[in-house]
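Trainee:
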Amino acid sequence: MTAPAAPRTASAPRRRGSSGIRGGEGVAGWLFVLPVVLILGVFLFIPVLMALWVSFSDWNGNGSPLSPSVSFIGLQNYADVTTSGGLAERNFGLSLRNNAWYVLLVVPLQTALSLLLAVLVSRAMLRGRGFFRTAYYFPSVTSSVAITVLWLFLFSTTGVVNQIIGWFGGHGPNWFQDPRGLFHLLAGTTPGPEVLTQGKFLGVTWWEWTAGPSVAMFAFILMAIFTTSGTFMLLFLAALQNIGPELAEAAMVDGANGWQRFWRITLPQLRPTIFTVVTLGLIGCWQVFDQIYTGTQGGPGKTTLTPAYLSYQASFQDQKWGDGAAIAFMLFVIIILFTLLQRWVLRDRPVSRRRIRAYQPKGVRHG
Amino acid sequence: MAEPALREPAVATHPPSPPTAAPARRHRGRRGGSLGSRIGLYALLVVIALVYIYPFLVQVSTSFKTESEAAADPLSLIPQTWSFAAYDRLFAHSDFPLWFANSAIVTICVTLGRVFFVSLAGYALARLHFRGRGVIFALVVAVMAVPTVVLLIPKFLVLNQLGLYDSYSGMILPLLVDAAGVFIMKNFFESIPVSVEEQARIDGAGSFRIFWSVVLPMARPALITIVILSFQGSWNELAHFIVSTQSPALTTLTKGVAGLASGQLSQGSQYPLKLAAALLMTIPVAVLFFIFQRRIMNTSEGAVKE
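Protein sequence lines, in the order shown, are assigned to chains L and U.
Position 322, counted from 1, in the first sequence is what full-length UniProt numbering calls 322; the numbers after and before it change by one each time, with no gaps.
Position 225, counted from 1, in the second sequence is what full-length UniProt numbering calls 225; the numbers after and before it change by one each time, with no gaps.
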């Protein structure tokens, strides 16, 4: 109680950084954040600016990218991978196609599965809850390298998955060596209509765009779902436990069945968590790198090439630093765009008139 | 590259306070469903759990199988003939121990450094009044939004310019700080009542003294979260080590095992060898996971709580 009075009498106008009980706080504050600021600055801000410069330059990897011999070439690197009509463009197009299918399948499936797991686990009463939670979460702990090695084994020609398919009389593919597109396989038409095989986008025919993920990529898709569902399950579990039972109980009194209660009461309350999970999923899925580096290096037939891996390959293996940096920045833009798009789709909308009316008891309608 | 960030357990911001929700839950649970539907639920949970656990059991047993058996009978959990060839090869005839040591060195340095720097900054941003605090916090949050994959080339460029390429410092320094960690610590320190520090301040303790001997000991739950995240993150890191090192002497486990997977050191498939290597590299994080399991689960439960 007496504490605040002390400094006021000592030095009349109490100012930041002046002497008194809070004296030296300004200096201390800066000293405390200095290591973080320095490291983030040196290894994050400066590098991003440098790479941005490289993406606009003709640096070939020799010497410093800041040396006078390196010159500004505008958008040429960007043009190289998007409109050149060459291999660089086709590779970029293929990597986008592969990753787009990956995102399109992984994000909804992992969100749905993690939500399902969370609902199941939160339903199981006291016994076993901890065990199931641990079991589902464990794959998330392992490194992507270790899990890829395991996956290569499980999905090998004579591996576990194909053995199990064999029980049911099926014949599993040679997963990681199979470049065939999943949708083309299901459709069964091999050559494809001329309309689709003629036109191209980013050096890739429309027919190839519609091929779906290759069998090899599909194995990676399953792996992503397997390893991330546990983490997201924890997020959903936390959210579920924060939802009070009152609303659900009121609905139960009103005669809503389990499915209605979940769909109309629980799910809307989970909206913020769904938003988080989808955002994290989108950001993560557009950056697939470790698995590709460890497993297939983009093969078979470039069907597991992703922009992240392509950016690495262009820079570090082919010494096309400008192309690599340009790909990285375009990937950055893609991630931002998708996050914004998703934000817009999942935004809170005002409830429509029709909807409001539907909820009102008959005869009490206003307006 | 993306996955590690994704897989890290949900960030914890508050000390866990789970028991409040428990009675309501129990109440609801008892009411839910007949015996039959409950058995169905458990059956479903068990089947799913099998799908999640079985691959790892297969991994353990395959690492003790001969190569031919691994190919012929991948499903069985008990090897017909126990073979320790994979482990013998890894420890006696490969660089595996070196990779392990490198990973350990980097992980320990990164974890210690992160815990210290991140909590220092978190404390300053939560409690100390200084000019520019808002700007710095905004920058830290912005940093979290930058996808790591965009940083592959940039990191290499800067390490190269600073002469840190292919050195331990180049491997460790960029990982020492983690924006999410600063965020977690800041939130935690804000949840501690100010009155705790005021007493010490009146007694004449300086900012560092207060931080070190008063506030930090109270931050144990948050610190454990940081330890888990940094250990798991740096142990499992791959992309940064690919672009920051070149010499075999600096190969980490992730880099080494990734090389193994794509065929270095082995002719043929060599699944027992590869799986043994992957298994051994999983053990440290798995041990950490089981020690702090309750904490990991609880902290993430606390994460969304306000």
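Glycine included, each C-beta is placed from N, C-alpha and C at the ideal position.
What you are looking at is a predicted structure, and each value in this text was computed from that prediction instead of being measured.
Provide the residue(s) that pair with V141(U) in DSSP beta bridges, ordered along the chain.
Mentor: In DSSP, V141(U) forms no bridge with anything.
Trainee: When burial is assigned at 16 or more other CB atoms within 10 Å of the CB, is I172(U) buried or exposed?
Mentor: The residue is buried, with at least 16 neighbouring Cβ atoms inside 10 Å.
Trainee: Got a sec, what are the start and stop residues for the alpha helix (DSSP H) E190(U) sits in?
Mentor: From DSSP, the alpha helix (DSSP H) with E190(U) extends over 179-191.
Trainee: Measure how close the beta-carbons of T107(U) and A146(L) come, nearest whole angstrom, since I'm counting them as under 8 Å.
Mentor: Actually they do not touch by this definition, with Cβ atoms about 15 Å apart.
Trainee: Let me see if you follow: with CB-CB separation under 9 Å, is L75(L) close to chain U or not?
Mentor: No, no contact with chain U.
Trainee: Hey, would you say V110(U) sits closer than 9 Å to S191(U), going by beta carbons?
Mentor: No; because the gap between Cβ atoms is not below 9 Å, this pair is not in contact.
Trainee: Anyone know if the C-beta pair for S140(L) and G284(L) falls short of 9 Å?
Mentor: Result no, Cβ atoms of S140(L) and G284(L) do not sit closer than 9 Å.
Trainee: Run down chain U in chain order and give the residues with a C-beta less than 7 Å from the C-beta of W344(L).
Mentor: Here the premise fails: no neighbours, minimum Cβ distance about 17 Å.
Trainee: Going by DSSP, what residue range makes up the alpha helix (DSSP H) through N60(L)?
Mentor: No alpha helix (DSSP H) holds N60(L); DSSP gives it neither H nor E.
Trainee: For a test of your reading of the model: does the CB of S229(L) fall under 8 Å from any non-hydrogen atom of the ligand NAP? Yes or no.
Mentor: What this structure holds is no ligand at all, so the ligand NAP is not there to describe.
Trainee: Residue range of the alpha helix (DSSP H) that G170(U) falls in?
Mentor: First-last of the alpha helix (DSSP H) with G170(U): 168-172.
Trainee: Taking 9 Å as the CB-CB limit, is Q319(L) close to chain U?
Mentor: No, its Cβ sits nowhere closer than 9 Å to a Cβ of chain U.
Trainee: Hey, does A251(L) have any beta-carbon neighbour from chain C nearer than 9 Å?
Mentor: Considering every chain present, this structure includes no chain C. Its protein chains are L and U.
Trainee: Which same chain residues end up closer than 8 Å to I225(L) when comparing Cβ atoms and leaving out the 5 residues on each side of it in sequence?
Mentor: Same-chain partners within the cutoff: V106, L109, Q110, L113.
Trainee: Could you tell me the boundaries of the alpha helix (DSSP H) in which V107(L) lies?
Mentor: Segment 87-123, the alpha helix (DSSP H) holding V107(L).
Trainee: For a cutoff of 9 Å on Cβ pairs, would you count W235(U) as touching chain L?
Mentor: Closer than 9 Å to some Cβ of chain L, the Cβ of W235(U) qualifies, so yes.
Trainee: Between the alpha carbons of Q342(L) and G86(L), how many angstroms are there, rounded?
Mentor: Looking at the two C-alpha atoms, the distance is approximately 33 Å.
Trainee: State the beta-bridge partners of S214(L) as determined by DSSP.
Mentor: In DSSP, S214(L) forms a bridge with G181(L).
Trainee: Distance check for M223(L) and M233(L), CA to CA, integer angstroms please.
Mentor: C-alpha separation (whole angstroms): 16 Å.
Trainee: Measure from the C-beta of R133(U) to each C-beta in chain L and report whether the shortest distance is under 9 Å.
Mentor: Yes, because at least one Cβ of chain L sits closer than 9 Å to the Cβ of R133(U).
Trainee: Do K155(U) and H240(U) come within 9 Å of each other at the CB atom, strictly closer than that value?
Mentor: Yes. Within cutoff.
Trainee: Would Y52(U) pass as a contact of G128(L) if the rule is Cβ separation under 9 Å?
Mentor: Going by C-beta atoms, Y52(U) is not nearer than 9 Å to G128(L).
Trainee: Please report how far the alpha carbon of R201(U) lies from the alpha carbon of S195(U), in whole angstroms.
Mentor: C-alpha separation (whole angstroms): 10 Å.
Trainee: Skipping 5 residues on each side, what residues in its chain have a beta carbon closer than 8 Å to that of R89(U)?
Mentor: L273, listed in sequence order.
Trainee: What residue does the alpha helix (DSSP H) around residue 439(L) start on, and which one ends it?
Mentor: Because chain L here runs from 1 to 367, residue 439(L) falls outside it and cannot be looked at.
Trainee: Answer yes or no: do V149(U) and Q287(L) have a C-beta to C-beta separation smaller than 9 Å?
Mentor: In contact: V149(U) and Q287(L) (Cβ atoms closer than 9 Å).
Trainee: Between the segment 255-263 of chain L and the segment 221-237 of chain U, do at least 3 Cβ pairs fall closer than 8 Å?
Mentor: With the cut-off at 8 Å, the segment 255-263 of chain L and the segment 221-237 of chain U do not touch.
Trainee: For W209(L), does the count of other Cβ atoms within 10 angstroms reach 16, so buried, or fall short, so exposed?
Mentor: So W209(L) ends up on the buried side.
Trainee: Can you list, in chain order, the residues of its chain whose CB lies under 7 Å from that of T157(L), leaving out five sequence neighbours each side?
Mentor: Cβ neighbours of T157(L) beyond the five flanking positions: N174.
Trainee: In whole angstroms, give me the CA-to-CA distance for T205(L) and A71(U).
Mentor: Cα to Cα, the separation comes out at about 39 Å.
Trainee: Identify, in the order they occur along the chain, each residue of the same chain with its Cβ nearer than 8 Å to the Cβ of Q246(U), setting aside the five sequence neighbours on each side.
Mentor: Here the set comprises Y165, D166.
Trainee: Rounded to whole angstroms, what is the Cα-Cα separation between K320(L) and F137(U)?
Mentor: Each residue's Cα considered, the two are about 36 Å apart.
Trainee: Among A124(U), V58(U), G36(U), which has the Cα closest to the Cα of V215(U)?
Mentor: The residue with the shortest Cα to Cα distance from V215(U) is A124(U).
Trainee: For chain L, is any of its Cβ atoms less than 9 Å away from the one on K155(U)?
Mentor: K155(U) counts as touching chain L.
Trainee: In chain L, which residues lie less than 8 Å from V158(U) when you measure between Cβ atoms?
Mentor: Here the neighbours are V42, F43, I46, P47, M50.
Trainee: Do you know whose CA, among L50(U), A86(U), A49(U), lies nearest K65(U)'s CA?
Mentor: K65(U) has its Cα closest to that of A86(U), out of L50(U), A86(U), A49(U).
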